[in-house]
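Undergrad: Here it is, the structure in full.
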Amino acid sequence: MYKLLALNIDGTLLKSNGKLEKKTKEAIDFVKKKDVYVTLLTSRNFLSAKKVAKALKLDSYLVTFQGALVAKSLEEKLYESVIPAQKTFDIVHVLEHFNCNVRLLHERYSIGNRKKVKNNMIAKTILGDPFFYPAQFVDSLSDVLRDDPIDVMKIDVFYSNEDECDDIVETMERAFPEISLTISDGKIELLPKNVSKLNGLIRLGNELGISLKEMVVIGDHMDDMPAIEAAGLGVAMGNAPNEVKAVADWVTRSNEQLGVAYMIKEHFRKQHRPQFLRQIRTTEKK
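In the numbering used here, the protein residues as written are 1 to 286.
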């Protein structure tokens, strides 16, 4: 009896062109009618994730910024963790010694440096609608932060090669042990300590009274692995790396083949609503 369904967005819910298919929407409606709580589990900023949630007609708490913000809206937050302004400045000051592209993600906007780095993931990174989540690019992030310090939800670092990635990770871990690092899809994500998709899901479950074993998690990224492995039913997309598939209980079709819709129909079609089951038990006792 699964009570919660958590879905990654990019590479899971959406096709590679960013489109949300009608069959996927219908599948989400189908599982909601069985009284299953549906949430999004993403590294995206909240406002971008909220647009996807609106398209799916979800009014649930969303686990965003890799778990740094669990909220229904920016005014209704269940959990929030930030990298403080002074720590953000210190990290940026160190990162500027590397040939990398840095993006600071505030809850309402992002700021990045203009340094050109050969990294295909930069172009693929979805910042969201500029109207809702504006992105600003500057020559020197440290100069901007010196004049206008900000707390940030996370810091994305795009590197040019694996050697540089190793150097950045080693430097960050040595200089900032209180910061969590995630490496996925050609970028390094710097997060407040104890922030992850899995921990965000645990915090949401505690609020709803739903245990991990009562959850289904579907994802395709390396950063989805801990949540997929810990869930009662962990599902990897067909387009996920082999490492993600290895920890999953089940592998569905790819995002291009609408793997989310396929999985929901296969696994939830026989699950009845809790109210229906209670009525059956009451009838049997009589």
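Glycine included, C-beta positions come from ideal geometry on N, C-alpha and C.
This one's a predicted model, so the numbers in the text were calculated from it and none came from an experiment.
1. So, do the region 143-152 and the region 79-98 have three or more beta carbon pairs nearer to each other than 8 Å?
2. Just to confirm the assignment, what range does the alpha helix (DSSP H) spanning F65 have?
3. Nearest-angstrom Cα distance between V260 and D223?
4. Would you mind reading off the limits of the alpha helix (DSSP H) that contains Q86?
5. Applying the criterion that 16 or more other CB atoms from any shown protein chain within 10 Å of the CB defines a buried residue, is P192 buried or exposed?
6. Is it a yes or a no for the region 208-223 touching the region 78-88, going by three-plus beta-carbon pairs under 8 Å?
7. At 3 residues or longer, what runs of the beta strand (DSSP E) sit wholly inside the region 142-197?
8. Please name the residue or residues paired with E80 in a DSSP beta bridge.
9. Residues in the same chain with beta-carbon distance under 7 Å from V31, minus the five sequence neighbours each way, listed in chain order, please.
10. In terms of residue numbering, what span does the beta strand (DSSP E) encompassing F137 cover?
11. In whole angstroms, what separates the C-alpha of Y2 from that of L204?
12. Does the count of Cβ pairs from the region 17-32 and the region 49-67 closer than 8 Å reach three?
13. Whose CA, out of K50, V138, G112, M237, lies closest to the CA of F158?
14. Take K213 as the anchor and find which of I150, S196, T42, A227 has the nearest alpha-carbon.
15. At 4 residues or longer, and completely inside the region 220-276: list those alpha helix (DSSP H) runs for me, N to C.
16. Which of the three DSSP states, helix, strand or coil, is assigned to T24?
17. Can you tell me whether E75 is buried or exposed? The criterion is at least 16 other CB atoms within 10 Å of its CB, across all chains shown.
18. For S110, which residues does DSSP report across the bridge?
19. Taking only the alpha-carbon atoms, compute the straight-line gap between K116 and S160 and give it to the nearest angstrom.
20. Can you give me the start and stop residues for the beta strand (DSSP E) that L40 sits inside?
21. Given 7 Å as the limit, tell me if R44 has its C-beta closer than that to any heavy atom belonging to the ligand GDP.
22. Would you identify the three-state DSSP class for L4, choosing helix, strand or coil?
23. Considering only DSSP beta bridges, list what I218 is partnered with.
24. What three-state label does DSSP hand G18 in the structure shown?
25. With DSSP as the reference, label R44 as helix, strand or coil.
26. Run the CB neighbour count on D10, radius 10 Å, all protein chains shown included, and call it buried at 16 or more, exposed below.
TA: Once the coordinates are examined:
1. At 8 Å Cβ cutoff, the stretches touch.
2. Note, F65: premise wrong, no alpha helix (DSSP H); not H, not E.
3. 18 Å
4. 85-95
5. buried
6. no
7. The qualifying runs are 154-158, 179-184, 187-192.
8. Paired residue(s): L69.
9. L5, V38, I264, F268
10. In the DSSP annotation of this structure, the continuous segment of the beta strand (DSSP E) that includes F137 starts and ends at 135-138.
11. 15 Å
12. Yes, since at least three Cβ pairs between the region 17-32 and the region 49-67 fall closer than 8 Å, the two stretches touch.
13. G112
14. A227
15. Runs found: 225-230, 242-247, 259-268.
16. T24 falls in the helix class under three-state DSSP.
17. exposed
18. L105, A135
19. 9 Å
20. 37-40
21. Ligands displayed in this structure: none; no statement on the ligand GDP is therefore possible.
22. If DSSP states are grouped into helix, strand and coil, L4 belongs with the strands.
23. L7, V235
24. coil
25. coil
26. buried
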